[in-house]
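Right, one structure below, let's go through it.
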Amino acid sequence: MSEVEKKKILIADSSPAIRQMVMLILEGHGFTVVAAQDGIEAIEKAFQEAPDLIALNAVMPRMKGHQACHFLKQNQATS
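The sequence shown begins at 1 in my numbering and counts up by one.
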């Protein structure tokens, strides 16, 4: 995959170890990866980074994954 074709994935998980492991796997497959530690940070980065895919853990502090998903689906820029 060339630099131009790289897809961007946003992952959100409260565990630093899980985030790092998923980032390494996805980057090894040629993806650009952006990470967030909770739902609020995931929403902020979704607007800043415009990822092609967002993967959210269901259980996170400050805002759960399903709440962040609902918010992102409601907004035209991130739906």
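C-beta atoms are modelled at their ideal positions from N, C-alpha and C, and glycine is treated no differently.
What residue range does the alpha helix (DSSP H) around Asn77 cover?
Looking at the sequence itself, residue 77 is Ala, so the reference to Asn does not match. Looking at the DSSP string, Ala77 is not in any alpha helix (DSSP H), and its letter there is neither H nor E.
Are Leu10 and Glu49 touching if we call contact CB-CB under 8 Å?
yes
Could you tell me the alpha carbon to alpha carbon distance between Met60 and Phe31, rounded to whole angstroms?
Spanning the alpha carbons of Met60 and Phe31 requires a straight line of approximately 24 Å.
Cα separation between Asp13 and Glu5?
26 Å
Spatial neighbours of Val22 in its chain, beta-carbon cut-off 6 Å, leaving aside the 5 residues before and after
Ile11
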